[in-house]
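Below is one structure, written out as structure tokens, with a few remarks after it.
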Amino acid sequence: YLISVYQAATNVVLALGPPAINLGTSGNFVVLAKSEISTVPDSEITGDIGVSPASASAITGFSLIRDPSGTFATSTQVVGSVFASDFTTPTPSNLANAVLAMQAAFTDGNSRTTNAVVNVGAGTLTGLTLAPGLYTWSNTVNVVTSLTLSGSATDIWILQIAGGLNLASAQSIILSGGALAQNIFWVVTGSVSIGDSSSFTGILLAATDVTFVTKSTLNGRILSQTAVALQKAVINQPAPVVPVPPTPTPTPTPTPTPTPTPTPTPTITPTPTPTPTPTSTYTTIITVTATPP
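Positions 7 to 299 (my numbering) are the ones given, in order, by the sequence shown.
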């Protein structure tokens, strides 16, 4: 199942897949839920987590330590901050806005229809590689063996699932060709279950509960409109994309212009004008003697 766009006139391969889903301020959280976030210790979470409209009492298993400012808490299981709706201002309004953004992102992703590839594998995915694009299923999706998403760092995947999503134990969502976790959006109406020792990748926009079973991992985000349950899970937000600096154009070394060597003008030796030899002039004198008669 491949979707590609090719501009033949200029031989340029364009970015593939639908436009990305805008997460708004919900993208500031690695885990965001409305009703509960629980952990079976020890989980390892990198990034901020938050609940709203639920209070801090709905964040369980983390042994929270409230900051003196009252705006956030910390936990040995979280490399980041923990937020709840009953913390000090401005946390409640920040969380409320993030939840609204999460819901808007889900609505956007769930409404996409253009160029959709429908019901791949009838919901049972085994050993498949998916190109960038919009994929929709009208039922639950079971990823039985590892699934590969192949594309570049600018390509987008939206996987819109009307039922639940299950990733089998010890299986993975694999990225190839430079694909990035932040460009993969799982829009799931039903429950999400990630099996033990499995590895999941992408942004989970879930209408209901999300569970990561023992020793499962995530490279992405969990944005759930109900509850998130973690069981000794490793949850990492996508690494920021560091722009590659442009290759500097080398300054050309000027080629020195050689100083022309002057061609010497030869000195003309004057040809001497010979002194003419004078010509002798002879005068003949004839003497006539008259004889008297």
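Just so it is clear, CB atoms sit at the ideal spot from N, CA and C, and this is done for glycine as well.
Assuming contact is defined by CB atoms lying nearer than 8 Å, are residue i and residue j in contact in what I supplied?
i: A62; j: F93; result: yes
i: T154; j: G196; result: no
i: L22; j: G157; result: yes
i: I190; j: L173; result: no
i: V57; j: F68; result: no
i: S182; j: S204; result: no
i: L186; j: V198; result: no
i: V193; j: G115; result: yes
i: A111; j: N242; result: no
i: P59; j: S91; result: yes
i: P244; j: N225; result: yes
Leaving out the 5 sequence neighbours to the left and right, which residues in its chain are closer than 8 Å to residue i when beta-carbon positions are compared?
i: P24; result: R118, T120, N121, G139, L140, I162 and I164
i: I180; result: S152, L153, T154, L155 and T207
i: A176; result: G201, D202, S203 and S204
i: A159; result: G184, A185, L186, N189 and V247
i: I291; result: Unreliable positioning characterises I291 in this predicted model, as indicated by a pLDDT of 42, which lies under 50. A coordinate reading is not provided.
Can you name, in chain order, every residue of its own chain whose Cβ lies under 6 Å from the Cβ of residue i, other than the five neighbours on each side?
i: V124; result: T142
i: D54; result: F35, G86 and S87
i: L8; result: A caution first: L8 carries a pLDDT of 42, below 50, which makes its placement in the model unreliable, though a value can still be read off. Contacts found: A137.
i: T80; result: I71
i: G133; result: T151
i: A213; result: T195 and Q231
i: E50; result: V240
i: A64; result: E42 and V57
When DSSP builds the beta bridges, which residues end up paired with residue i?
i: A176; result: Looking at the DSSP assignment, A176 forms no beta bridge with any residue, so it has no partner.
i: G226; result: G208
i: S156; result: S182
i: V219; result: In DSSP, V219 forms no bridge with anything.
i: I200; result: L173 and F218
i: I164; result: L140 and F191
i: Q243; result: Partner(s): none; Q243 has no beta bridge.
i: A233; result: E42
Excluding the five sequence neighbours on either side, which residues of its own chain have a C-beta within less than 7 Å of the C-beta of residue i, listed in chain order?
i: G129; result: W143, N145, T146, V147 and N148
i: A26; result: I162 and N189
i: G127; result: L134
i: A102; result: S58
Could you tell me if the beta carbon of residue i falls within a distance shorter than 7 Å of some heavy atom in the ligand GDP?
i: A104; result: Among the components of this structure there are no ligands whatsoever, and the ligand GDP is therefore not found.
Is the segment 162 to 173 touching the segment 131 to 150 in the sense that three or more CB pairs, one from each, lie closer than 8 Å?
yes
Does the segment 101 to 113 come into contact with the segment 217 to 231, if we say contact requires no fewer than three beta-carbon pairs (one atom in each stretch) closer than 8 Å?
yes
Start-end ranges of the beta strand (DSSP E) lying completely within the segment 11 to 79, minimum 3 residues
37 to 39, 42 to 46, 50 to 52 and 55 to 57
Would the segment 43 to 53 count as touching the segment 94 to 102 if we require 3 or more Cβ pairs under 8 Å?
no
Which complete beta strand (DSSP E) runs does the segment 73 to 152 hold, if anything under 3 residues is left out?
79 to 81, 84 to 90, 122 to 124, 139 to 143 and 147 to 149
Stretch-stretch touch, CB-based, cutoff 8 Å, three pairs: the segment 233 to 249 with the segment 212 to 220:
The segment 233 to 249 makes contact with the segment 212 to 220, as at least three CB pairs between them are under 8 Å.
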